[in-house]
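One structure is given here, and the rest of the page talks about it.
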Ligand code: ACM
Ligand code: ZN
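In our numbering, the protein residues as written are 4 to 507.
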């Protein structure tokens, strides 16, 4: 049987017997608790609801009802038959996922002249992992609100449920923080000397109203927005705004180069703590998610080794090795978040230098340099999110090893991204139970435009989504490839037309 054209593949599909007649519109009906999901679905496919005068309507019923899978509100069933369409779930999340599977089938089956066809089948579906994420770096390149929304909508089409918003880095700070106006007045803009024919200032920030709008838009699509502020490294933009927070006092600049920089926040300066508090207060106000990502990756320690303030801090704390100051900062950050009812997430470097102070128990480790960090974290009892660059999760890597490709660093073919599995081989069942899931990341050093972002994201976002959603037993690269032509039709309909083609 030809696989049903949904990415990620549903866990169970039962073909029906009678073919569905083609139709030109849907007559929707939803119980009161499902009205929000129906409203978004109507916005996503307005042409299916707009023409009451057209004949050949099909019934669409959306029903929140406890079924066999009442313990997981992300599960759903979708039934397509000549008598109509029925989406059922014990939770609104599951209803949304069911409607997104239906959206894919509809867009893949759209015909000329405003007619639609659907296969006759029953689907019973639900996720393998609870954390299915997508990260967008909005520091190295500042993306518009409209692109961010488009990307969130596309992520939700694939049943992804977390938008990890990388808001700060050396090349730009994008979050206005009360009491620290220079973060956005100075830290959000850089002189782009790579554009040599003029001194171009590039950048921007998201106003609190815009951030709330993104959070609201994502929530309607059952996507949780998890903000990241990268601390205490990747700090050039912070230091350009507030040089007193660095070890040397500057001068600093918002970086237009890419790489890992020596200047980080000064671990010996108590002024960093009110700064962290102001940032976390802002995040708590804007983001309802219980998670805050504190970064922690690629911190250089040379400044701390030379800085008198950092050296006396180290002596006072009796930590021994300089790099353990990072663990001290991590503990402080985690405590500050706990005070605000939040759970910290850190890149896998937070596991290092923890011999003296340990790592706070509720810290979630995001494993990016490989799966090893995640394996170690789970052995130490921490929850883990897998996003290893070695396994095709970095979508800024090139699709192919070719100088024609617009990405950088390494290659992540569709097949490689498809093979990503958050449960690393050799994990015990106890360790595997700590794997919340995984995500794909789009770092934007060389992704200058949203159309290039589309090229990098698709179809690999679909490949990663299948690894996070579909049961291991049913995954098949061959089947995924067979579904790609229909997937291309779906992406075209969503004006995500720059996906990489021909789809391999
Ligand atoms: C990272 O890629 N530096 C987390
Ligand atoms: Zn210092």
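Don't be surprised by glycine CBs; every beta carbon is placed ideally from N, CA and C.
Enclosing alpha helix (DSSP H) for residue i [first to last residue]
i, result
"residue 285", "275–289"
"residue 342", "327–342"
"residue 100", "95–111"
"residue 211", "211–223"
"residue 464", "463–472"
"residue 1", "Because the chain is modelled from 4 through 507, residue 1 falls outside the range shown and cannot be assessed."
"residue 304", "Unbroken run through residue 304: none, as it is neither H nor E."
"residue 143", "Looking at the DSSP string, residue 143 is not in any alpha helix (DSSP H), and its letter there is neither H nor E."
"residue 317", "311–320"
"residue 156", "148–160"
"residue 186", "185–188"
Three-state secondary structure (DSSP) of residue i
i, result
"residue 350", "strand"
"residue 418", "helix"
"residue 230", "strand"
"residue 482", "helix"
"residue 367", "strand"
"residue 506", "Note on residue 506: pLDDT 49, under 50, position unreliable in the model; no value is reported."
"residue 452", "coil"
"residue 244", "helix"
"residue 30", "strand"
"residue 89", "strand"
"residue 252", "coil"
"residue 180", "coil"
"residue 430", "coil"
"residue 459", "helix"
"residue 493", "helix"
"residue 476", "helix"
"residue 83", "strand"
"residue 124", "strand"
"residue 203", "strand"
"residue 487", "helix"
"residue 392", "helix"
"residue 51", "helix"
Cα-Cα separation, residue i to residue j
i, j, result
"residue 213", "residue 224", "17 Å"
"residue 398", "residue 234", "23 Å"
"residue 20", "residue 220", "39 Å"
"residue 331", "residue 360", "7 Å"
"residue 326", "residue 196", "33 Å"
"residue 18", "residue 127", "12 Å"
"residue 404", "residue 132", "31 Å"
"residue 245", "residue 500", "42 Å"
"residue 115", "residue 389", "42 Å"
"residue 364", "residue 280", "21 Å"
"residue 237", "residue 5", "48 Å"
"residue 188", "residue 310", "28 Å"
"residue 142", "residue 12", "33 Å"
"residue 69", "residue 472", "21 Å"
"residue 504", "residue 321", "57 Å"
"residue 26", "residue 89", "16 Å"
"residue 51", "residue 464", "27 Å"
"residue 200", "residue 144", "20 Å"
"residue 353", "residue 249", "20 Å"
"residue 207", "residue 260", "17 Å"
"residue 111", "residue 482", "16 Å"
"residue 92", "residue 161", "17 Å"
"residue 216", "residue 319", "45 Å"
"residue 507", "residue 80", "Bear in mind that a pLDDT of 42 at residue 507, under 50, signals an unreliable position, so the number given afterwards is only what the model happens to contain. So the alpha carbons of these two residues sit roughly 30 Å apart."
"residue 415", "residue 393", "8 Å"
Opening and closing residue of the beta strand (DSSP E) in which residue i lies
i, result
"residue 442", "438–445"
"residue 18", "15–18"
"residue 39", "No beta strand (DSSP E) contains residue 39, which is instead part of the alpha helix (DSSP H) from 38–47."
"residue 61", "60–67"
"residue 118", "Looking at the DSSP string, residue 118 is not in any beta strand (DSSP E), and its letter there is neither H nor E."
"residue 168", "165–169"
"residue 193", "192–195"
"residue 389", "387–389"
"residue 1", "This structure leaves residue 1 out entirely; the chain is present only between 4 and 507."
Distance cut-off 7 Å: residue i Cβ against heavy atoms of the ligand ATP
i, result
"residue 24", "Among the ligands present in this structure, namely the ligand ACM and the ligand ZN, the ligand ATP is not found."
Fill in: For review: beta carbons within less than 7 Å of any heavy atom in the ligand ZN
Going by the Cβ distance cut-off, the answer is 250, 269, 270, 271, 272, 306, 307, 310, 312 and 313.
Fill in: Stretch pair the region 330–346 + the region 372–382: three plus CB contacts closer than 8 Å
Result no; under three Cβ-Cβ pairs closer than 8 Å.
Practice prompt. State whether the region 60–69 contacts the region 16–32, with contact taken as three or more CB pairs (one from each stretch) at a distance under 8 Å.
Written response: Cβ pair count under 8 Å is three or more, so yes.
Worksheet item: In chain order, what residues have a CB nearer than 5 Å to some heavy atom of the ligand ACM?
Response: Taken from the N-terminal end onward, the list reads 300, 350 and 371.
Worksheet item: Are three or more beta carbon pairs between the region 336–355 and the region 256–271 nearer than 8 Å?
Response: No, they do not touch.
Worksheet item: For the region 106–122 against the region 417–425, are there 3 or more C-beta pairs whose distance is under 8 Å?
Response: The region 106–122 vs the region 417–425: no contact.
Worksheet item: Is there contact between the region 85–101 and the region 428–441, where contact requires at least three CB pairs shorter than 8 Å?
Response: Short answer: they don't touch.
Worksheet item: Are there three or more Cβ pairs, one per stretch, closer than 8 Å when the region 491–500 is compared with the region 146–164?
Response: The region 491–500, when compared against the region 146–164, does touch it at the 8 Å Cβ threshold.
Worksheet item: Below 8 Å, can you find three or more Cβ-Cβ pairs linking the region 270–289 to the region 177–188?
Response: Yes: the two stretches touch, three or more of their Cβ pairs being nearer than 8 Å.
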